[in-house]
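**Q**
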Amino acid sequence: MGFGEDLRCPQAHAAVMRLLDSELHLMEIMKKWMGQRAKSEREFSVQLHQMTAMAEKMDRPQTNPGADYISQLNKSWGVLVSQTESLSQVMRRRSEELLDGPISKLTLLIRDKQQLRKTYAEHWNLLRQELNKVRNKPHRQAFL
1 MGFGEDLRCP QAHAAVMRLL DSELHLMEIM KKWMGQRAKS EREFSVQLHQ MTAMAEKMDR
61 PQTNPGADYI SQLNKSWGVL VSQTESLSQV MRRRSEELLD GPISKLTLLI RDKQQLRKTY
121 AEHWNLLRQE LNKVRNKPHR QAFL
């Protein structure tokens, strides 16, 4: 039973605690990074939407002869504006999905990992106290 016995020493306890702490730290960094990414995507989607709205305001129908004709350049402009608005909507959805999905799940994982760390430390301390009681018990009886 090498593995289980190896985890009984204080050095193993310290190593497990360092591992838990490093995982918690990494998960906090990931959460912060994903939150910043969601925020950036949301801001970018707002800017794209504003650009689309601005382009639509500037693109007013002209009342000159030949207004029925739509040039290839005008068609290209329309596609560009339309695709920009589509991209804006996609970016907004992705931002919301990132907040609702991975970030919220990561928040739950962090909370679970913190609870696991706390429970592990409490159990370790209880076991150490019990071990010390058992070790000191023969010494007390010798003095009686």
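When we follow full-length UniProt numbering, the leftmost residue of the sequence shown carries the number 1, and every step to the right adds one.
By construction, the Cβ of each residue, glycine as well, lies at the ideal position given by its N, Cα and C atoms.
Just so it is clear, the structure is predicted and the values come from calculations on it, not from any experiment.
Indicate the three-state DSSP secondary structure (helix, strand or coil) for Arg37 in the structure shown.
**A** As a position in the sequence shown, residue 37 is number 37, starting the count at 1. Note: Arg37 maps to helix in three-state DSSP.
**Q** List the endpoints of the continuous alpha helix (DSSP H) containing Gly78.
**A** As a first step, residue 78 is located in the sequence shown; it is residue number 78 there, counting from the start. Gly78 -> alpha helix (DSSP H) spans 72-98.
**Q** Quick one: measure Cβ to Cβ for His49 and Glu85, integer angstroms, because I've assumed they're closer than 8 Å.
**A** Looking up residue 49 in the sequence shown gives position 49. Looking up residue 85 in the sequence shown gives position 85. Their Cβ separation, rounded to whole angstroms, is 7 Å, which keeps His49 and Glu85 in contact under 8 Å.
**Q** Taking just the CA atoms, how far does Leu99 sit from Pro10?
**A** Your numbering for residue 10 matches position 10 in the sequence shown. Your numbering for residue 99 matches position 99 in the sequence shown. Taking the straight line from one Cα to the other gives about 40 Å.
**Q** How many whole angstroms separate the CB atoms of Ser45 and Met17, which I take to be in contact at a CB cut-off of 8 Å?
**A** For the purposes of this step, residue 45 is identified with residue 45 of the sequence shown, where counting begins at 1. For the purposes of this step, residue 17 is identified with residue 17 of the sequence shown, where counting begins at 1. Their Cβ separation, rounded to whole angstroms, is 42 Å, which puts Ser45 and Met17 out of contact at 8 Å.
**Q** Is Ala55 near the ligand ATP, going by C-beta to nearest heavy atom under 7 Å?
**A** Inclusion of the ligand ATP in the displayed structure is not the case, the ligand content being empty and no account of it being possible.
**Q** Excluding the five sequence neighbours on either side, which residues of its own chain have a C-beta within less than 6 Å of the C-beta of Gln72, listed in chain order?
**A** The sequence position of residue 72 within the sequence shown is 72, counting from 1. Same-chain partners within the cutoff: there are none.
**Q** In angstroms with no decimal places, state the Cα-to-Cα distance between Gly101 and Asp21.
**A** To locate residue 101, count along the sequence shown from 1; it is residue 101. To locate residue 21, count along the sequence shown from 1; it is residue 21. Going by the C-alpha atoms only, they are around 24 Å apart.
**Q** Considering only the beta carbon of each residue, do Leu24 and Ile103 sit closer than 8 Å?
**A** Position 24 of the sequence shown, counted from the first residue, corresponds to residue 24. Position 103 of the sequence shown, counted from the first residue, corresponds to residue 103. Against a cut-off of 8 Å, the Cβ pair of Ile103 and Leu24 comes out as no contact.
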